[in-house]
Structure formats: C-alpha cells, structure tokens
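Note that the sequence shown covers residues 1 to 899 in the UniProt record's numbering.
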Amino acid sequence: MTDVVVVESPAKAKTINKYLGDQFTVLASFGHVRDLPPKDGSVRPDEGFAMVWEADERGSRQIAAIAKALRGARHLYLATDPDREGEAISWHVRAMLEEKNLLKGIEVQRVTFNEITKSAIKTAMAHPRELDFPLIEAYLARRALDYLVGFTLSPVLWRKLPGSRSAGRVQSVALRLICEREAEIEVFKPREYWSVIARMTTPAGLPFTARLTHLDGHKLDQFDLNDEAGAMRAKAAVEAGDFSVARVERRKVRRNPPPPFTTSTMQQEASRKLGMGAQVAMRTAQQLYEGIDIGGETVGLITYMRTDGVQMAGEAIAAIRGHIGHSFGDQYVPEKARIYSTKAKNAQEAHEAIRPTDVRRTPADMARYLSPEQRKLYELVWKRSVASQMQSAELDQVAVDITDRQQHATLRATGSIIAFDGFLRLYSEGRDDSPAKTDDDQDRMLPAMSERDAIGRGEVTAEQHFTQPPPRYSEASLVKKMEEIGIGRPSTYASILTVLRDRNYVQLENRRFIPEDRGRLVTAFLTSFFERYVDTQFTAGLEEQLDDISGGRANWRDVMSAFWSDFSHAVDQTKDLKISDVITALDADLSPYFFPQREDGQDPRVCTACNTGRLGLKLGRYGAFIGCSNYPTCQYTRKLVADPKEGEDAATLKDGMRVLGTAPGTDEEITVRRGPWGLYVQQGEPDPEDKKAKPKRATIPRGLDGDTITLEQAAGLLSLPRIVGIHPETGESIEAGLGRFGPYVKMGAVYGSLDKDDDVLTVGLNRAVDALAKKLASIRTIGPHPKDGEPVLVRKGRFGPYIQHGSIVATVPRGQEMDDVTMEEALTLLKEKGKPLKAKGKKTTTRKPAARKTKASAEDTAEGKAAPKKKAAPRKTAAKPAARKTTTRKKASTEGEAG
C-alpha cells in the first residue's frame, strides 16, 4: 500500500520518487489536466461567472492513472508548483477525482517546496497544508478575465477590422507600449549640440583629457553650443588660455551589489548578457529547477523560477557567506547578512529569489553536465546570488576643475579607480561581466594633481553631437517596463512577448521590437474605441485587485462583476459602429505614420500615380491597405502588411541563394536558398549525370534567422538526426531531428514533438525524455517477439488498446487494461486476430462512393472499429455544413484567447 504524490512534470516525478522511496507513488499531471474549452459560453457572467471545465485526452489519461494508483492509498499529496497556477492544478486534480467519487477514505493535502532537493522534499512532506482557496479564486478571476476579454473583444476586432488576429487583457497593453515608443521615435526631432575637449598634461608630463564646462563665467548647458560657429569661438577661447588647477575634489563611493534574481530580472539579464529570449530563458530555468543528471542522480540546481521575491532563506544566506569567505577571503564578507526587499509594484514576495540550491555546486563543476544554454544561465544565477551577499565595492572618484588666468574658460576632468573591488570581483550588471567596465568611467584614472599646478594644453577639438530618440524596447527593457507599471506577472511575460510575435503584430530586429502595420492598426483601434481597457493605469489597478483576491482581501466575483458591467457595455456600444467610421478614425490617428511630411513640402497624401487623387486608408477583404480616392479610375494601392514570403530574406538571397562556406571535411558549398515553402540549407549541387542523386537539404526551423544562420548551424541541420543520449529507464538511444511538422525526438518507433522554440541542435536529454513521456504514456513495450526479436507493443488507440508487432495489429478484448496484457496473451491475439496495418489515406479499389462509406483508417482497423453502414452515408453528407461551421467557431475562439 503506497500513498500518492502528484507533481507537474515526469522529470520531477522521477526525481522525487527516488527521494521518497517505495512508500510513495509519484505521478505527473503534465501541467493542467483541464481548462476552459475554447468556445462561447465557457464562462457565464449571468450565472455568477460559472465556468465549464473540460479535460482533453491527455488530462483524462493522467487522472485515470492517478485514480488507479489511489486504490488502497490513504493519502493523496498534491505537490504541484508553489505558485497560483500550481495551486490551481492541484485544485483541478482534486475536483476531477471528487467528481468520480474516488476520494472516499483518502486524505487530500497540499505540499509545496521551493527547490527539488532531498531535504526540501522531506521537509515539505512533513508539513502538508490545505489548498489555498484565495489563491485559487485569484486564478479563477484571472482565467475568467482573460477568457472574457479575448472571446469578447477579439470578435469585435475581426468584424470591424478584418485582418487582425486577437486582443488580450495584458497582450494589448504591451503592444500599445511598443507602438507608442515607435511613435515617439518617428516624431523625434534631433537637436544639434557641440562639446569642446582638450588634451592636457600634468607638470610631470602625464596626459589626460578635460571637457569645457564654463565659458565667460557662464555654466554651459547641453544646448548652449548649438552650432559650429559658437563651438569654434569656444574652442578659440580654450586655445588662447594658460591653465592651472583651480580645485581638486575627492570622494569615496560605495556601490552595493544587486539583489538575487526574480523572474523578470533574470529574463532581463539573460537577454542583455546572453542574448537569450524570455521564452528560452524560462524553459532553460525550468530544466535547471526540475533537475539535471549528475553522476547518475537527478539534482535540482536552482530554486523555483517564477517569483517576484528577492529574499533568500537564512540557511542559504549562511552557506553563501561561508563560501565567499572560503573562496575570496574574509574581507569580501560583509559584517551582517544582506536582507533585500523588492521595489517592484504589486510584488507579493511569496517565494524566495532564484538562487542555486547548493552554492558548493559551482558553475565550473557543473559545466560538464549542462548544455551550453543551461551552463550560461546557471552561471548567471549562481554569480548573481553569491555577489548579492558580498562586500560593497569602494571607488575613489576624482574631479579636477582647470581654469585659465583670466577665468574665461573652465574645464573639468573626471576619473575614478576601484579602491576595493568587493562584489565586482565576481559580478556586474550589464552586457559585460568584467569589473573593469562599468557605467561610471571607473576604468579611467586621472594622474595625480594638486591645486595651482600649471597644466599644459595640447590639441583642442570641437565635437558635433545630435540628441538620440528613445530606444526601441528590447525583451529586457519591455519586461522591466511592464514590471515597473505593474502589468502582467512573472509567469506571463514570456508568453505575452511570444504571442505578439506569433500574431505578426511585432517583429524582433536586432533584438528590438518594431511594430508591424497590423499591430499599429489594432492598437489604434483599441485606443480609439476601448481606450480604458488598454490603459496602463487601469490594467495595473486591475492587477492590484487580483492580488487583493489572492490575499483574501477581496471577493473574486465582486471584482469580476464590476469589470464585466463596464466592459460589456463598452462592447455593446460598438455594435452599431460602421467599418467606414473605424477606417476614418484610424486614418486620422495613423496619418503621421502612413503619410509623413515630404521634404519638398508637398501634400504627402497626393496620389503618386494619378497626381489628383487623395491617398487614404482603405479596407479590403484581406485587411487594410492604402488606396486612391479616384478608384476605380486610379487603381493605385500600397500594402500595409507584407506578404510573409516577401520578407527581408528574399532580398538578401542573391540569385536565389547565399553561400555560407564549405562543409566540414568536403569541398561542397553550403548555401541558404529559398524554396516554395520557405528557406532551407543545401550542401553541394545536383549531379547532372545522376538525376536520382540529390544533394543534402534541411529546412531552416523557426527560431533560426536565414539572414544570420552560421555555417556551423547549417552543417548541424544537414547532419540531423543527431544522438541526444540514452533514455535512463529503457536504455534505448534517443535521436533529435527535423520533420515535416517541426523538430522532434525519437526513440525506436516512438516519436515526441518538440516545441517551436526548442533548438533541435542543442536540445538536451532531460527535455527529450519529457517530450517522449507523453507518447510513452500511451505505449507499453511488452518485450521482443520470440521469432524475430522485434518489439511487441501495446498502444492506446481512439477506441481502446491494441497490440502491434511490426505491421501486424490486433485489438485487445474490451474491458482489459493495456497494463494487464502479458506476452503470452499478446502472441495469441496476434496469431488469431492479427491484421496488417494499412497506411492511412490509402486508396481502395472500390468505386468512389463505396470507398467513402467503408474506408477505415489504420487505427480504425487496428482497434476493430466497424465500417459505417450504408444508411449512415446520407446523414454524414447532410452533416458536413454544420461540421464546417463548428470548426470555424472553434478556430475563431482559439485565436481569441488572450496571451
């Protein structure tokens, strides 16, 4: 008799099972076991915001596995992640089991842990608790809000602004930030200013530079020297003077280390230092949290990575301080431990900051067990955590004022040196991790000078400058902005940025977000007709109300009711809105962008084709475009949204290809080429004498840019599939490759799909095992066939389990579970009932109408599904229009989900 523990991922389940031993059965839920179905009516505001939950096949399968394990158990421990989503998953698991009356006599308790280590797991199991219902209610409110906004606002977008994709509660606000920043850049007018710099020497002949700060007794502001004539006069005044030191200022400055990582600061630093996107950073952090195989034992290397807290556990601080003293010396250990508190708006500090689970596992020691991405991120987390408890850095800053005898001109020289490096010995924020380069010119030292020292003057230069527009948002700066104003949550930032790109609302160029025309149109529409709901202050205020729910300070239905009353009224007001009114509003709002002022002063709206018509925003079947008012006489049009097949990649490929270099070990060139389905790489050229022989080719997967792909990456794609490693349970080899539907991993005859963001060239063993776990849950290997050694499998089909040996399949008797089938029974069934496995979609020799009535798929045949009767054919035909309508609604609803 064993108790049951439910976690989220199979990798975590395997590790925790080792820690707990045979007295427990640890199973994975594979994330959420049920969700709101993507269709109208899943949330019913008129019924107290009642929700309809629906489990997919995977969720139902996992609940069935948990139910089977519970037979004879006394305790069910819900050990999903220690955040709002984890609490909700536990609630869903318990609710589904209760609906099936499977929890009679079983005590259900919740356990949480911030790190996957043996001590943390044992401690958590010894201190279970009840489910946190305020946290669950906060989840319900957020899920209902996102559903109602997405499924109510998105259809309005589709009807009034064809070509748009979706709207979301936080997604649309983030898009607005990007668009408004772009508008600031476009209207920015650069201002000219000049600076005067002089090269000087001390009495000892040591060189340094100084900048002109005062002229004729007046302190120079940034734009006081705003043209060349004024700059030349100032330069002449400096060249005419004899200078000496008027004043020397010295002061010591202490620089404190930054706090350990929260989710957002980790994403920001991973972007700045490692060039790692938010989605990749979170996926890599998840792998480090769930565990890495180290010497045959799976060990969690970092604490939970979804957090807005900056505090660390006392024992972790003590361990880090001890490591600092041992590795760097006692002078690097502050007298008291540093205690941090967050300044971020809406931070709840429910969990620890992200830190290493054991500071003794240094990045250098762990490097051989980690993939390149894992190694870089672990090193970043480890260094940041250790540096946060190190002594402050001390800098000696010096400022020297130098004047001429007549005091017409005053120049200033500044510099600083590190008196004590402190935490800078290990870590500094920014792009460069070297303590020699920081923002305060600390690498620039001034030679020794004293007051009244005569200073020699060398070359004097006047330098022209122009003010720069505000920079476009990067992933790091956008996450920081969202955190500052209090919208979104740590677990949502990565998905929000991904949705914006997937919807083609923005593009990422040189790691900076640029809004697409489609994104600008959507933002303009929402700000014109739903301004309140894309307002940052309103969204941040709503986040505060949701936090009040999780803290037990507000009723979730009251918050929902207040929101829905105003929101539904705003949507109702758009019912009579004409598309022509929408276009007129957008045309006026986006006029500076679509029709910028011309240098020759002429009207930018005059049609360049007929010279008489007026250009304006129009709306066609496939979205918005620029057209002439003289249509149909003048048929000039200009696209707003570029065809995906006509992007920059097409322009960069000369003569249809771009040469990357020579394939390793050969003299064949590797090239990037464009085909009918996108970009691909090719090694060598076709052999004109052997038409059957084709050169190696590989599709460039999503996530790799055809403009920047390297020779090494291309060669890696062409060498696929590659061996990832050996499955820890089956002992079989796992391969990674690219298929028709994207990247995959393969073990024998079992395939597992990888996410679109997974890098097939670097995906590690843990990720591959996770991807295969879902498939393996529906496939059981009984053993090798006694005749040929080929594996005999039991597979889960649509109509029940069936046995497969090579291309022969046989159905399992009704009521028998796939786990109960023995080799002897399988061989008997294959011999008595075995049928050849037909290829799906294979044409039969019967006439077409008969084939439509009797044709069955390979799985149908394997599972014993009867062919439809002849009488069913008319009903099936009659049902086709309704089926199409249902499919359309489902697709529309899915696209309407908020990011």
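Cβ atoms here follow ideal geometry from the backbone N, Cα and C, with glycine treated the same way. Small disclaimer: the values here were computed from a predicted structure and weren't measured.
Self-check item: Whole-Å CB distance - TYR378 paired with LEU446, under 8 Å assumed
Solution: The sequence position of residue 378 within the sequence shown is 378, counting from 1. The sequence position of residue 446 within the sequence shown is 446, counting from 1. Not confirmed; about 39 Å, so no contact.
Quiz item: Which parts of the stretch 677-764 are runs of the alpha helix (DSSP H), unbroken and 4 residues or longer, counting only runs that do not cross its ends?
Solution: 711-718
Quiz item: Any contact of the stretch 238-251 with the stretch 323-338, i.e. 3+ C-beta pairs under 8 Å?
Solution: no
Self-check item: Within the UniProt domain "Toprim" (2-116), ranges of the beta strand (DSSP E) (whole runs, at least 3 residues)
Solution: 3-7, 24-28, 75-78 and 107-110
Quiz item: What separation, rounded to the nearest whole angstrom, lies between the Cα atoms of LEU776 and GLN311?
Solution: The residue given as residue 776 occupies position 776 in the sequence shown. The residue given as residue 311 occupies position 311 in the sequence shown. Those two C-alpha atoms are separated by around 40 Å.
Quiz item: Closest by CA to MET390, which one among ALA270, ALA454, ARG254 and LEU830?
Solution: Walking along the sequence shown from the start, residue 390 turns up at place 390. Of the listed residues, the one whose Cα sits closest to MET390 is ARG254.
Practice problem: Have a look at PRO596, ALA236, ARG532 and ASP587 and flag the residue whose alpha-carbon is nearest the alpha-carbon of HIS569. | Solution: The sequence position of residue 569 within the sequence shown is 569, counting from 1. That would be ARG532, whose Cα lies nearest to the Cα of HIS569.
Self-check item: Residues sharing a beta bridge with THR637, DSSP
Solution: Locating residue 637 in the sequence shown gives position 637, where the first residue counts as 1. DSSP lists GLY627 as partners of THR637.
Quiz prompt | Contacts around PHE188, its chain only, beta-carbon distance under 7 Å, and the 5 residues preceding and following it disregarded | solution = Indexing the sequence shown from 1 puts residue 188 at position 188. Same-chain partners within the cutoff: PRO469.
Quiz item: Exposed or buried, ILE579, counting other C-beta atoms within 10 Å across all chains shown (16 or more means buried)?
Solution: Taking the sequence shown and counting its residues from 1, the one referred to as residue 579 is at position 579. Looking at its Cβ environment, which holds fewer than 16 other Cβ atoms inside 10 Å, ILE579 is exposed.
Practice problem: Can you give me the start and stop residues for the beta strand (DSSP E) that ARG199 sits inside? | Solution: Working through the sequence shown from its first residue, we reach residue 199 at position 199. Where ARG199 is concerned, the enclosing beta strand (DSSP E) stretches over 192-201.
Practice problem: Return yes when the Cβ of ALA141 is within less than 9 Å of the Cβ of ILE549, no when it is not. | Solution: Here residue 549 is taken as the residue at index 549 of the sequence shown, counted from 1. Here residue 141 is taken as the residue at index 141 of the sequence shown, counted from 1. Yes, the Cβ-Cβ distance between ILE549 and ALA141 is below 9 Å.
Self-check item: Where GLY797 falls, given that 16 or more other Cβ within 10 Å makes a residue buried
Solution: Here residue 797 is taken as the residue at index 797 of the sequence shown, counted from 1. Label assigned to GLY797: buried.
Practice problem: Report all residues from its chain with a CB closer than 7 Å to the CB of THR612; omit the five preceding and five following residues, and keep chain order. | Solution: As a working note, residue 612 is residue 612 in the sequence shown. Once the five neighbours on either side are set aside, the close Cβ partners of THR612 are ASN630.
Practice problem: Kindly indicate which three-state DSSP category GLY541 falls into: helix, strand or coil? | Solution: Residue 541 sits at position 541 when you count from the first residue of the sequence shown. Helix at GLY541.
Quiz item: From GLY291 to THR284, what distance separates their C-alpha atoms?
Solution: Locating residue 291 in the sequence shown gives position 291, counting from the first residue. Locating residue 284 in the sequence shown gives position 284, counting from the first residue. Cα-Cα distance, rounded: 11 Å.
Practice problem: Give me the Cβ distance between ARG814 and VAL794, rounded to the nearest whole Å; I'm assuming they're in contact under 8 Å. | Solution: Numbered from 1 along the sequence shown, position 814 holds the residue referred to as residue 814. Numbered from 1 along the sequence shown, position 794 holds the residue referred to as residue 794. Contact doesn't hold; Cβ gap of about 15 Å is too wide.
Quiz item: What runs of the alpha helix (DSSP H), each 4 residues or longer, lie entirely inside the stretch 558-612?
Solution: You should have 579-589 and 591-594.
Quiz item: Between SER172 and THR410, is the Cβ-Cβ spacing less than 9 Å?
Solution: On the sequence shown, position 172 is the one that residue 172 refers to. On the sequence shown, position 410 is the one that residue 410 refers to. No, these two residues do not count as a Cβ contact at 9 Å.
Quiz item: So what does DSSP say about SER392, is it helix, strand or coil?
Solution: Indexing the sequence shown from 1 puts residue 392 at position 392. Residue state, collapsed to three classes: coil.
Practice problem: In the DSSP assignment, find the beta strand (DSSP E) that holds GLY217 and state where it starts and stops. | Solution: Here residue 217 is taken as the residue at index 217 of the sequence shown, counted from 1. Where GLY217 is concerned, there is no enclosing beta strand (DSSP E), given that its DSSP letter is neither H nor E.
Quiz item: Which stretch, first to last residue, makes up the beta strand (DSSP E) that contains SER244?
Solution: Walking along the sequence shown from the start, residue 244 turns up at place 244. Residues 243-255.
Quiz item: By DSSP, does ARG384 sit in helix, in strand, or in coil?
Solution: Against the sequence shown, residue 384 aligns to sequence position 384. If DSSP states are grouped into helix, strand and coil, ARG384 belongs with the helices.
Quiz item: Going by DSSP, what residues sit across from ARG412 in a beta bridge?
Solution: Position 412 of the sequence shown, counted from the first residue, corresponds to residue 412. Answer by DSSP bridge pairing, in chain order: ARG211 and ASP401.
Quiz item: How many angstroms separate the CA atom of MET449 from the CA atom of SER495?
Solution: The count along the sequence shown starts at 1 and reaches residue 449 at position 449. The count along the sequence shown starts at 1 and reaches residue 495 at position 495. So the two alpha carbons sit approximately 56 Å from each other.
Exercise. Give the secondary structure of residue 902 by DSSP, where H, G and I count as helix, E and B as strand, and everything else as coil.
Key: Residue 902 is absent from the model: the chain starts at 1 and stops at 899.
Quiz item: Is it buried or exposed for residue 957, if we count other Cβ within 10 angstroms and need 16 for buried?
Solution: One cannot answer for residue 957 here, as it falls past the ends of the chain, which runs 1 to 899.
Quiz prompt | Span separating the alpha-carbon of ARG169 from that of ASP690 | solution = On the sequence shown, residue 169 is found 169 positions in, with the first residue counted as 1. On the sequence shown, residue 690 is found 690 positions in, with the first residue counted as 1. Between ARG169 and ASP690, the C-alpha separation is close to 58 Å.
Exercise. Find out if the Cβ-Cβ distance for the pair LEU720, LEU738 is shorter than 9 Å.
Key: In the sequence shown, residue 720 corresponds to position 720, counting from 1. In the sequence shown, residue 738 corresponds to position 738, counting from 1. For LEU720 and LEU738, yes; Cβs fall inside 9 Å.
Quiz item: How would you label ASN101, buried or exposed, when you count the other beta carbons within 10 angstroms and need 16 or more for buried?
Solution: Residue 101 sits at position 101 when you count from the first residue of the sequence shown. So ASN101 counts as exposed.
Self-check item: Through-space distance from LEU619 to GLN62, alpha-carbon basis
Solution: Within the sequence shown, numbered from 1, the residue matching residue 62 stands at position 62. Within the sequence shown, numbered from 1, the residue matching residue 619 stands at position 619. Note on geometry: alpha-carbon atoms of GLN62 and LEU619 lie some 48 Å from one another.
Quiz item: Are ALA773 and GLY752 closer than 9 Å when you measure CB to CB?
Solution: By one-based count along the sequence shown, residue 773 stands at place 773. By one-based count along the sequence shown, residue 752 stands at place 752. Cβ distance < 9 Å, so ALA773 and GLY752 count as in contact.
Quiz item: For ILE549, which three-state DSSP category applies?
Solution: The sequence position of residue 549 within the sequence shown is 549, counting from 1. ILE549: helix per DSSP, three-state reduction.
Quiz item: Taking the C-alpha atoms as reference points, what is the distance between ALA167 and TYR493?
Solution: For this step, residue 167 is matched to residue 167 along the sequence shown. For this step, residue 493 is matched to residue 493 along the sequence shown. Their backbone Cα atoms lie some 16 Å apart in a straight line.
Quiz item: On the three-pair Cβ rule with 8 Å, is the stretch 465-483 touching the stretch 201-215?
Solution: no
Quiz item: Can you tell me where the beta strand (DSSP E) with ASP293 in it begins and where it stops?
Solution: Residue mapping note: residue 293 aligns to position 293 of the sequence shown, counting from 1. 292-294 is the extent of the beta strand (DSSP E) around ASP293.
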